[in-house]
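Below you'll find the structure, written out as structure tokens, and then a few comments.
Residue numbers (this note's numbering): 80 to 171.
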């Protein structure tokens, strides 16, 4: 299984989210994005962003907010399937 390199970029005001893990894995014609939090305080949810260049302009790939499910003393595993990708292309 081939994993894709991931760069985490914070856009906007910081939140109190402890990110335990973040992976992006090609699966057929899509990329399976999965992340795990260990705690979340006052977090409304997540949007995912992507760029075609490392220093380029990031575009939001989630239409709707992925609502937060974790809490102050526990986290959760989230996932998203990105079907708007081109095989062999590098995304950031």
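Even for Gly, the Cβ is constructed at its ideal location relative to N, Cα and C.
For the beta strand (DSSP E) that residue i lies in, which residues bound it at each end?
| i | result |
| --- | --- |
| residue 158 | 156-161 |
| residue 120 | 109-120 |
So residue i packs on residue j, CB below 8 Å; how close in whole Å?
| i | j | result |
| --- | --- | --- |
| residue 114 | residue 98 | 6 Å |
| residue 123 | residue 144 | 7 Å |
| residue 149 | residue 140 | Wrong, their Cβ atoms sit about 21 Å apart, outside the cutoff. |
| residue 72 | residue 108 | Here the chain has residues from 80 to 171 only, and residue 72 is not among them. |
Would DSSP call residue i helix, strand or coil?
| i | result |
| --- | --- |
| residue 132 | coil |
| residue 148 | coil |
| residue 167 | coil |
| residue 96 | strand |
| residue 80 | Residue placement at residue 80 is flagged as unreliable, the pLDDT there being 46, under the threshold of 50; a coordinate-derived value is accordingly withheld. |
| residue 103 | strand |
| residue 138 | strand |
Count the other C-beta atoms from every protein chain shown that fall within 10 angstroms of the C-beta of residue i, then say buried if there are 16 or more, exposed otherwise.
| i | result |
| --- | --- |
| residue 152 | exposed |
| residue 157 | buried |
| residue 132 | exposed |
| residue 104 | exposed |
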